[in-house]
Amino acid sequence: MFVAATGEGLCYLSLNKIDINALLQSSLFQRKVDLVRDDGNFSEFNGRLKDYLGGRKVSFPEPLDLRGSTPFQRMVWEQTATIPYGEVRSYGWLAEEIGHPKAARAVGRSLAFNPLPIVIPCHRVVRKNGKLGGFSGGLKLKRRLLELEGLQLSLKLDEIQ
């Protein structure tokens with residue numbers, strides 16, 4: 005994993021082997037952010053992330069630096085952050101919650117650009133029919149994260165808001 009922060013807060017989390025080309029194309033580097041290796045700065049965050057990956061319910065209270073995002077993306081990400089641990093919501097639910105009920109596809113597109121998976125828990129967003137949808141870390145990881153949170157993945161339509 006790779007975590008980056010600015011003076012404003014966390015700005016990037018990679019769940020996969022880092023793709024330097026993709027990273028350099030990201031909004032993080034479009035803003036001309038300088039990276040400095042400082043593992044000590046992330047010790048509390050890393051501890052909570054390890055706890056989460058160990059199956060414990062945790063929160064991530066760190067401030068976030070979402071500069072470079074669009075107002076729509078920010079609305080989607082902020083609403084996604086309200087989805088409780090161990091629960092899922094649909095893309096359509098998110099669209100309704102942010103006041104754009106016909107924008108489920110745009111919500112999905114915004115989630116595809118989520119710079120902070122797990123912290124902004126886009127893995128908790130599924131299709132209305134109960135299928136997983138997409139995830140930047142891949143569907144196997146999305147399934148694993150949901151199982152880690154105790155979800156049974158034979159989701160029924162009435163279990164998804």
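Every letter in the sequence shown is one number past the one before it in this note's numbering, and letter 131, counting from 1, is 135. Built from N, CA and C at the ideal position, the CB exists for glycine as well.
Check                                                                                                                        : Outcome
In whole angstroms, what is the alpha-carbon distance linking Asn-20 and Pro-121?                                            : 11 Å
Per DSSP, Val-129 forms a beta bridge with which residues?                                                                   : Arg-93
Quick check on Asp-55: buried or exposed, where buried means 16 or more other Cβ atoms within 10 Å of its Cβ?                : exposed
Are the CB atoms of Thr-84 and Pro-125 within a distance shorter than 8 Å?                                                   : yes
Is DSSP giving Pro-121 helix, strand or coil here?                                                                           : strand
Quick one: Cα of Val-129 to Cα of Tyr-95, how far?                                                                           : 6 Å
Does the Cβ-Cβ distance between Val-80 and Ile-102 come in under 8 Å?                                                        : yes
Could you please give the first and the last residue of the uninterrupted alpha helix (DSSP H) stretch that includes Ser-47? : 47-57
Out of Glu-151, Cys-15, Leu-98, which one is the CA nearest neighbour of Pro-1?                                              : Given a span of 5 to 165 for the chain in the structure shown, any question on residue 1 remains unanswerable.
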